[in-house]
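Take a look at the structure below.
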Amino acid sequence: MKLTKKLSLLALVLALALAAASAFQGAPQKAGTLTDRLGYPVGTKLLIIHADDLGVAHSVNQATFQALDKGSVSSASIMVPCPWFPEVAAWAKEHQDKDLGIHLTLTSEWQAYEWGPVAPVDQVKSLVDATGFLWDGAQEAASNIKPEEAEREARAQIERARKAGVNITHLDSHMGTFFTPQLFPIYVKLGREYQVPIFLPRDPRATAAMLQLLKDEMLVDAWGMASTAVSADNWAGFYEKYISALKPGVTVMIVHLGLDESELRGVMTEKAPFGSAWRQRDFDVMSSPRFRDALKQYNVQLVGWKDLAAKSKVTR
14 MKLTKKLSLL ALVLALALAA ASAFQGAPQK AGTLTDRLGY PVGTKLLIIH
64 ADDLGVAHSV NQATFQALDK GSVSSASIMV PCPWFPEVAA WAKEHQDKDL
114 GIHLTLTSEW QAYEWGPVAP VDQVKSLVDA TGFLWDGAQE AASNIKPEEA
164 EREARAQIER ARKAGVNITH LDSHMGTFFT PQLFPIYVKL GREYQVPIFL
214 PRDPRATAAM LQLLKDEMLV DAWGMASTAV SADNWAGFYE KYISALKPGV
264 TVMIVHLGLD ESELRGVMTE KAPFGSAWRQ RDFDVMSSPR FRDALKQYNV
314 QLVGWKDLAA KSKVTR
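Residues are numbered in the working numbering as their position in the sequence shown, beginning at 1, plus a constant of 13.
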């Protein structure tokens, strides 16, 4: 089933990044946390609560818009090839202050709901399967796509968003597809060209061998998200424990928001993992006073990618 790829996202990103080690020679990693590098006081704990998959469905959009408006999340990224992108673009045009990135998308993982590329299909033939849709998962994509066509599609996604009025604050990678020896250089190149941060964690398993390509890119100190090991009745407890364990530095916590209603149930027919109920639980916890109190209790400061980028420019 397609969702088995989604279930193993964390392991997959790390595994693909490890594979990149064979292509790049490691370089010494800068000492200290990203907060140290950006000039924050020693011991500062910064958190980007980042909502993935904006544009995949109306229910996801509505939950994410609410969370961004109320400050329940500090960042989100947009899947430009998805059918509900126009709704996101219209909202983004009226909310230029919000922290919105591009969730560079080379895969289409849901069983009964798929999408194709933004670029003309005849220019990115290696990105689509026999049905004309993007590949089911990162492994299929990595095995089949040509780097030059991946770059063409990534640019098409970014440019469509820009032309629609989205103020792009960062780039990240749907299902980790850009964490391969072939595509990682494109990821770095696009971040530099569009002058926005790319999501890349400072995890020695995932990034040490890639540092050779990096110059002034910001490596976040840690990242995490809920997994299938978290029971539904302990959803709030999982996030509170995660917050309590944060160390100084910049952490990205990825959430998947949505409203558990008929549209999203139809889109995500494979049920529990990353499905409709999952996204409703994420939305409920992020919106709760209990979670907000936990952030205060543990002295965690919410920031967005644009905050870090602005700070980086000041400190250079």
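Backbone N, C-alpha and C fix where the C-beta goes; we use that ideal spot for every residue, glycine too.
* What do you reckon, are the CB atoms on W248 and V179 nearer than 7 angstroms? -> Contact check for W248 against V179 fails: the beta carbons are separated by 7 angstroms or more.
* **First and last residue of the uninterrupted alpha helix (DSSP H) at W291** => Residue range 289–300 is occupied by the alpha helix (DSSP H) that includes W291.
* DSSP bridge partner residues for W236 (one or two, in chain order) -> Per DSSP, the beta bridge partners of W236 are V265.
* Asked: Which residue from V263, L232, D66, K176 puts its Cα closest to that of E122?
  -> Among V263, L232, D66, K176, the Cα nearest to that of E122 is on D66.
* Does the beta-carbon distance from H116 to S88 come in below 7 angstroms? -> The Cβ atoms of H116 and S88 do not sit closer than 7 angstroms to each other.
* Asked: With C-beta atoms as the reference, is H187 less than 7 angstroms away from P210?
  -> Taking 7 angstroms as the Cβ cut-off, H187 and P210 do not qualify as a contacting pair.
* **CA-to-CA distance, W97 to S275, given in whole angstroms** => Using only the alpha carbons, I get a separation of about 16 angstroms.
* To do: Grab me the residues of T77's own chain with a C-beta within less than 6 angstroms of its C-beta, minus the 5 sequence neighbours each way, in chain order.
  => Excluding its 5 nearest sequence neighbours in each direction, T77 has C-beta neighbours in its own chain below 6 angstroms: A64, L67, A89, L270, listed in chain order.
* To do: For Q75, verify whether its CB is less than 6 angstroms away from any heavy atom of the ligand HEM.
  => This structure does not include the ligand HEM; it has no bound ligands of any sort.
* Run through DSSP, which three-state label would S35 get? -> At S35 the pLDDT is 33, less than 50, meaning the model places this residue with poor confidence; the figure from the coordinates comes in the next sentence. In the three-state reduction of the DSSP assignment, S35 falls in the coil class, being assigned neither a helical nor a strand state.
* Asked: Which parts of the segment 108–159 are runs of the alpha helix (DSSP H), unbroken and 4 residues or longer, counting only runs that do not cross its ends?
  -> Counting only runs of 4+ residues, the alpha helix (DSSP H) found wholly inside the segment 108–159 occupies 151–157, in chain order.
* Asked: Alpha carbon to alpha carbon, how far is V233 from E100?
  -> Spanning the two alpha carbons is a distance of roughly 30 angstroms.
* With a threshold of 16 other CB atoms inside 10 Å of the CB of T193, please say whether the residue is buried or exposed. => With 16 or more other Cβ atoms inside 10 Å of its own Cβ, T193 counts as buried.
* **Sequence-distant residues of its chain with Cβ nearer than 7 angstroms to P198 (five each side left out)** => Excluding its 5 nearest sequence neighbours in each direction, P198 has C-beta neighbours in its own chain below 7 angstroms: L226, listed in chain order.
* To do: Take F251 as the anchor and find which of N312, R294, F212, S156 has the nearest alpha-carbon.
  => Closest by C-alpha distance to F251, out of N312, R294, F212, S156, is R294.
* Asked: Does DSSP put T182 in a helix, in a strand, or in coil?
  -> Three-state result, T182: strand.
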